[in-house]
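Single-structure report; data block below.
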Amino acid sequence: MTTNVVTDEQLGAFSRRQHELFHRVRKGALSFEVAMATLQQLLDGKRSGIEERSELNALTTITIPSDATAEQLIADAKAALEQVGIPFTYFDDDVISIIRRDLELVKGKTLEVLQHCFDHDWTTVKGRVLQRGQGFEGNAAAFLVWVTQAKWKGRFVSIAYTDDRLFPGSGALRAPYFDRDEQSRRLDLFDVDCKWSDDDVLVAFRAI
Numbered sequence: 402m403t404t405n406v407v408t409d410e411q412l413g414a415f416s417r418r419q420h421e422l423f424h425r426v427r428k429g430a431l432s433f434e435v436a437m438a439t440l441q442q443l444l445d446g447k448r449s450g451i452e453e454r455s456e457l458n459a460l461t462t463i464t465i466p467s468d469a470t471a472e473q474l475i476a477d478a479k480a481a482l483e484q485v486g487i488p489f490t491y492f493d494d495d496v497i498s499i500i501r502r503d504l505e506l507v508k509g510k511t512l513e514v515l516q517h518c519f520d521h522d523w524t525t526v527k528g529r530v531l532q533r534g535q536g537f538e539g540n541a542a543a544f545l546v547w548v549t550q551a552k553w554k555g556r557f558v559s560i561a562y563t564d565d566r567l568f569p570g571s572g573a574l575r576a577p578y579f580d581r582d583e584q585s586r587r588l589d590l591f592d593v594d595c596k597w598s599d600d601d602v603l604v605a606f607r608a609i
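Take a look at the structure:
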């Protein structure tokens, strides 16, 4: 039987998270029933949302064709989702101009994809700092290509570190987001200054 060696540093981090979990349950900030059910899933070796989020955080790659056009990327994305039986239920036309502009930055490149779930305190500033620190950047065109491969449920957002895109007429700073659930797929613009959910996922790219 093969066992994984866990370092003292890892055990220390695990102990701190146990302590945090205990206090959240004790204060009522976390449901006792939810915490117990999740722990039981882990002990039983069942696949859990925690495991899925761990997979989501793994790096993947995509390639953008050198002759790609925004219109072709959009058509390919729509066709790919039609094939799996759940097409776009909404596609915001205002995203298209952003895709067209961002495409020039990634044409003909293979990109590494960062998919990051924040455990708590999700903010736009934190997202930008995290991706910039690792050399990643939001890109609407690459995001659209990635969307066709996304297999997880949730809301995914791709924001540039310095983003001057203003939604016409509103003055709000917005970035593309993709919403995926059991019945629908939605590509829209998201006000990055509003409150984030802990389930939202940051998606960013860097050239290999």
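This note's numbering numbers the first residue of the sequence shown as 402 and each following residue consecutively.
Just so you know, even glycine gets a beta-carbon here, dropped at the ideal spot from N, CA and C.
Computed from a predicted structure; not experimentally measured.
Counting along the chain, the unbroken beta strand (DSSP E) around residue 514 starts and ends at 511-518.
For the pair residue 543 and residue 465, the CB atoms are nearer than the 8 Å cut-off. The segment 511-529 makes no contact with the segment 481-498, as fewer than three CB pairs between them are under 8 Å. Setting aside the 5 residues that flank it on each side, residue 501 is surrounded in the same chain by 471, each with a C-beta closer than 6 Å to its C-beta; the list follows chain order. Taking residue 513 as reference, the option from 498, 497 and 538 with the minimal CA-CA separation is 538. If you draw a straight line from the Cα of residue 424 to the Cα of residue 433, it comes to about 11 Å.
Of the candidates 468, 550, 553 and 581, 468 places its Cα closest to the Cα of residue 504. The residues 560 and 603, in chain order, have a CB closer than 7 Å to that of residue 528 in the same chain once the five nearest residues on each side in sequence are set aside. When secondary structure is reduced to three states using DSSP, residue 538 falls in the strand class. Taking C-beta atoms as the reference points, residue 556 and residue 494 fail to come closer than 8 Å. Assignment of residue 469 by DSSP, reduced to helix, strand and coil, places it in the coil class. In the three-state reduction of the DSSP assignment, residue 500 falls in the helix class. Residue 582 carries a coil assignment under DSSP once its states are collapsed to helix, strand and coil.
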